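A quick write-up on the structure given underneath.
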Amino acid sequence: MKILIVNAGSSSLKYQLIDMQDESTLAKGLVERIGMGTKGHHECKIDGKKVVDWNEAPIENHVQACQMMLSALTDKDFGVVKSMDEIGAVGHRVLHGGSKFSASVVIDDAVEAAIEENIPLGPLHNPANLQGIRACRAVMPGTPMVAVFDTAFHQTMPPKAYMYGVPYEYYEKLHVRRYGFHGTSHRFVSKRTAEFLGKNPEDLRIITCHLGNGSSLCAVDKGKCVDTSMGITPLEGVLMGTRSGSMDPAVVEYICNNEGLTVSEMLNICNKKSGLLGISGVSNDMRDVDDAATKGNPRAQLARDMLVYGIRKYIGSYAAAMNGVDAIVFTAGIGENNYKLREDVMQGFEFMGAKIDVEKNKALAWPNVHEAVVSADDSKVKILVIPTNEEIAIARDTLELVSK
Ligand code: AMP
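Numbering-wise (the numbering used here), the sequence shown opens with residue 51 and increments by one.
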């Protein structure tokens, strides 16, 4: 079966068509600047070659974006399917499933309504995800669709891990609690770690470190999430590309009062202008921050140190939460590609039985990135690099659900 993966943003639509026979990517594309009134943009790559590189008229809405996606996929010259009917199902990435969804589901009107109900928890992403779902259902009415939630894997957390210490009524009335994100990645990577080590997930305590532009860590005990660093929104946790990560919430009021900002203006700063970018003043991209730090920029060095220190603190606390750890796994843009950061994060963890093999770890320097154990042979705790693949995880869930 061929499965289309869709990740809709407020003004963009990313897609990938996967052949489930061998899980190969048949086509990959991006429609951008939807509904912005300016020139739209659509690019589509097949076999790594750009077959569409279009930059002309405005794109009105997500329905038009879906139609553009389908006409690229079915194009008579370069298309990868003869007709839309060859697409067996669509898997949608959805940010927030709230407490309602602990697994992926086939989309029907009730699921759409539940995603809509969760808009207050995911005000930026859920409306966009819904637009993508509605547009696809409109242009592919007979095709089954599945929603895969970023929050679902974390639904196994116990209340002591997901509750915030504010009055209980806010949990009851407003569903204020930790939800966690990147769940599809943490699930994929932790499962793959067990397979790679030839172990049963039931016998493993794993800490997965998804470190990218957005970063989160997850404690996975016996295959289930027991804690994660992101919270009610993706703002909590370690320092990220542009997000502040955890801090005393009184910082928000203090800055608002002194700078004449509203809470939402300040939260926008915490989400978009903080983190590596805000501290270094250089960039949100770790490569630029690393370059600047190497050249002696003290703020870039500080941003890097804060990230490394934050990751180390979570690793320590999750080892405590699980009464130990068997594997620490690095994934996503920084986790997979930045061997030096992995080396720095794992410095001095011998007290916990985790010893990195500096040479093995360095041998994985970009572009030689692949699944590997990078801990020393005598390390009790395995340290691994496992590249994440959220699209494959979404495609597998979709296939499983539509085959039932
Ligand atoms: P992601 O959000 O997973 O795409 O990750 C983005 C982050 O990964 C950025 O901070 C990049 O600097 C980092 N990254 C991506 N590719 C590389 C690379 N080849 N070497 C070092 N860092 C990289």
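Cβ coordinates follow ideal geometry from the N, Cα and C atoms, glycine included. All values derive from a computational prediction rather than experimental measurement.
Under the DSSP assignment, T206 falls outside any alpha helix (DSSP H); it carries neither an H nor an E label. DSSP places I256 within a strand segment (E or B) once states are collapsed to three. In this structure, R362 and V339 do not form a Cβ contact; the two beta carbons are roughly 18 Å apart against a cut-off of 8 Å.
In its chain, beyond the 5 residues on either side, V131, K132, S133 and M134 have a beta carbon closer than 8 Å to the beta carbon of T124. Excluding five sequence positions before and after S266, the CB atoms of its chain that fall closer than 8 Å to its own CB belong to G230, F231, H232, H236, H260, T278, S279, M280, P284, G287 and V288, given in chain order. Taking 8 Å as the cut-off, the beta carbon of H142 is found closer than this to the beta carbon of M195.
In its chain, beyond the 5 residues on either side, V358, I361 and R362 have a beta carbon closer than 7 Å to the beta carbon of V395.
Counting only beta-carbon distances shorter than 5 Å to the non-hydrogen atoms of the ligand AMP, the qualifying residues in chain order are G262, N263, D335, M336, R337, A382, G383, I384, N387, N388 and W416. According to the DSSP secondary-structure assignment, S74 is paired through a beta bridge with D69. The continuous alpha helix (DSSP H) containing I361 extends over residues P348 to A371.
Contact check for A211 against V155 fails: the beta carbons are separated by 8 Å or more. Proximity of the region 341-356 to the region 304-319 falls short of the contact definition, fewer than three beta-carbon pairs being nearer than 8 Å. In this structure, T381 is the residue among T381, K78 and R184 with its C-alpha nearest to the C-alpha of G264.
Within the region 170-238, the complete beta strand (DSSP E) runs of at least 3 residues fall at 195-199.
Here DSSP, grouped into helix, strand and coil, assigns A107 to coil. Residue environment analysis places R337 among the exposed positions, since fewer than 16 neighbouring C-beta atoms fall within 10 angstroms of its C-beta.
For I384, the enclosing alpha helix (DSSP H) has its first and last residue at A382 to N387.
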